[in-house]
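First up is the structure itself, then whatever we jot down about it.
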Amino acid sequence: MKIFKRWLSECRPAENWDNLTVWDEYTKNRNGETESMPQIKTTNTSTPDALQAQLDQITRWLSEIYGAGLLGIYLHGSLAMGCFNTQRSDLDLLAITGSPPSRAQFHATAGALLAISQDPAPVEISLCHYTQLHPWQYPPPFDFHFSEIWRARMEAHVAGATDLFVLEQRDPDLAAHCMVTRRRGLRLAGVAITAAIPEPPWEDYLDAIDDDLRTVQDRPGYDPVDAVLNACRVWAAHAEHQVLSKWEGAEWALRRIPAAHRAIVVAAQACYAGKSTLAALPPEAVQRCLAWIMAQV
-8 MKIFKRWLSE CRPAENWDNL TVWDEYTKNR NGETESMPQI KTTNTSTPDA
42 LQAQLDQITR WLSEIYGAGL LGIYLHGSLA MGCFNTQRSD LDLLAITGSP
92 PSRAQFHATA GALLAISQDP APVEISLCHY TQLHPWQYPP PFDFHFSEIW
142 RARMEAHVAG ATDLFVLEQR DPDLAAHCMV TRRRGLRLAG VAITAAIPEP
192 PWEDYLDAID DDLRTVQDRP GYDPVDAVLN ACRVWAAHAE HQVLSKWEGA
242 EWALRRIPAA HRAIVVAAQA CYAGKSTLAA LPPEAVQRCL AWIMAQV
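Numbering of the sequence shown is given in this note's numbering, commencing with residue -8 and proceeding in unit increments.
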């Protein structure tokens, strides 16, 4: 928290401004009336108030850091789609600004995310400025990314041991995040989703989720539950042009997958819901299930 406040003091504009005024500016609708933060609902959590408070704090901090340059903050992923699990899920966010962050803003954003992620939920967020997404390009560029996988590197950055201030990196996954946000996302603050985030070409979305499916088993922290559920929704995207959550993807697949692999999908769902353990997912059976699904796409 102290690191975040130090960087925040350095990135504030020189002129005086009132935080509440800035906050109100980003929660106005098109009629000019101030609206409250949307209340996010989830059917699979024991701490909805804590999650709401966490989203509120992230939105306020980013509004302080970027001021009038913040175009909007948007929620996508499991919480937006109603299948959030407090033991497994991240808060998935996109933030859009009008211009690239300054070095001080980058550092302040890093400090803010280090302070708020895992309090209570881990956060994954990408920050892009408007012209990185308009006109669309693939893979899409971005200015800042944080997830728990990046925690050690971000801690080293804010401590001055390394420098991660590298503008305009690229990430194919952003195509998937943009598509999910357009189809299923929620606006937390700022302009409408349709005004800030383009809907990617369908082939770019498929390429992004296909790449994720192909490489998931080689990534650090491989999780067979996520691998199976993600494979199901990738299959649905190819077969019926659907943008589904992990849970919805499993439900879709269970109506179509051969009996030989159905038990693996059921077990992955049960693990995701906290009603079973990884012992119900033998590695060899998971591999066969994933290979069969990948052959369909």
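Note that beta-carbon positions come from the ideal geometry of N, C-alpha and C, so glycine has one too.
With which residues is Tyr65 paired in a DSSP beta bridge? Leu85, Arg178.
Relative to the alpha-carbon of Phe156, which residue among Ala166, Asp164, Leu165, Met145 has its alpha-carbon at the smallest distance? Met145
Under three-state DSSP, which class holds Cys169? Reduced to three states, the DSSP call for Cys169 is helix.
Secondary structure of Phe75, DSSP reduced to three states: The answer is coil: DSSP assigns Phe75 none of H, G, I, E or B.
From Ala147, Arg205, Thr172, residue whose alpha carbon lies closest to that of Glu190: Thr172
Taking all protein chains shown into account, decide if Pro126 is buried (16 or more other Cβ within 10 angstroms of its Cβ) or exposed. exposed
Which residue wins for smallest C-alpha separation from Phe133, given the options Leu85, Ala71, Asp81, Leu42? Leu85
Less than 8 Å between the CB atoms is what I'm expecting for Val225 and Val288, so what's the real figure, rounded? 6 Å
Are the beta-carbon atoms of Gly102 and Gly60 separated by less than 8 Å? no
For Ala167, I'd like the list of residues in its chain whose CB is within less than 8 Å of its CB, leaving aside the five on either flank, ordered along the chain. For Ala167, same chain residues with a beta-carbon under 8 Å away, outside a window of 5 residues either side, are Tyr196, Ala199, Ile200, Asp203 in chain order.
Measure how close the beta-carbons of Leu46 and Leu179 come, nearest whole angstrom, since I'm counting them as under 8 Å. 6 Å
Those runs of the beta strand (DSSP E) which lie wholly inside the region 87 to 140 and span at least 3 residues: 114 to 120, 135 to 137
What distance in whole Å lies between the Cβ atoms of Val219 and Ile255, which are believed to be in contact at a cut-off of 8 Å? 6 Å
Option in Leu70, Tyr263, Leu118, Ser93 with minimal Cα separation from Gly63: Leu118
Return helix, strand or coil for Val288, following the three-state DSSP convention. Correct three-state label for Val288: coil.
Mind checking who Gln160 pairs with in its DSSP beta bridge? Phe133
Could you tell me the distance, in whole angstroms, from the CA atom of Gly240 to the CA atom of Ala259? Taking the straight line from one Cα to the other gives about 11 Å.
Unbroken stretches of the alpha helix (DSSP H), 4 residues or longer, contained in the region 208 to 257: 215 to 231, 237 to 245
Do you know offhand how far Pro249's Cα is from Trp283's? 9 Å
Can you tell me which of the three DSSP states Gly265 falls into? coil
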